[in-house]
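In the numbering used here, the protein residues as written are 3 to 117.
We treat Cβ as the ideally placed atom computed from N, Cα and C, and that holds for glycine.
Report on the following structure.
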C-alpha cells in the first residue's frame, strides 16, 4: 500500500477549514506570527544599537597606548598608566551655554514702510 502525502492531507484540511471561522482564526494566527517574525529583527537591532550606544559612553581611552576600555579604576589594564576620566565635571574646556546661544530677532516682512 502506498501512503498518501501529508501535503495532500494538509491541503484537503485547508480547503475544508478556510471558509469557516476556524479557517479565519488560522489565517489570523499565521498573519500575526509572520508580523512578529518580520519585526523581531528590527526590534532586536534597535535594542542592540541602544545597548552599544550606552556601552560606548562608558568607554575611556588611554592616552599612552590608545586602548579603549570600560575600566573605571583609573589605571590602564595594558600599560598601567593613569587614565583620565572624561566626564563633564572634570572637563576644563567647557563653554558656557550663554556664549554659544544665538539670539534671533523676528522681523515682519510685510511692514508699512514698503509701498
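Where residue 109 and residue 103 are concerned, what is the direct C-alpha to C-alpha distance, given to the nearest angstrom?
Taking the straight line joining both Cα atoms gives about 19 Å.
Let me confirm a value: residue 97 is counted as buried when at least 16 other C-beta atoms fall within 10 Å, else exposed. Which label applies?
Per the 10 Å Cβ criterion, exposed.
Is the separation between the beta-carbon of residue 72 and that of residue 57 shorter than 9 Å?
Going by C-beta atoms, residue 72 is nearer than 9 Å to residue 57.
So what does DSSP say about residue 93, is it helix, strand or coil?
Here the model assigns residue 93 a pLDDT of 49, short of 50, so the residue's position is not dependable and the matter cannot be decided.
Using C-beta distances below 7 Å, list every residue in its chain close to residue 77, excluding the 5 sequence neighbours before and after it, in chain order.
Counting only Cβ-Cβ distances below 7 Å, and skipping sequence neighbours, we find 84, 85.
So, helix, strand or coil for residue 71, using DSSP?
Reduced to three states, the DSSP call for residue 71 is strand.
Kindly indicate which three-state DSSP category residue 102 falls into: helix, strand or coil?
It is helical.
What alpha helix (DSSP H) runs, 4 residues minimum, are completely inside the region 9–84?
Runs of the alpha helix (DSSP H) inside the region 9–84: 23–59.
Short of 6 Å in beta carbon distance, which residues of its chain neighbour residue 93, apart from the five on each side in sequence? Order them along the chain.
Residue confidence is low: residue 93 scores 49 on pLDDT, short of 50, so the model does not pin down where it sits. Its coordinate-derived value is still stated next. So the list is empty, once near-sequence residues are dropped.
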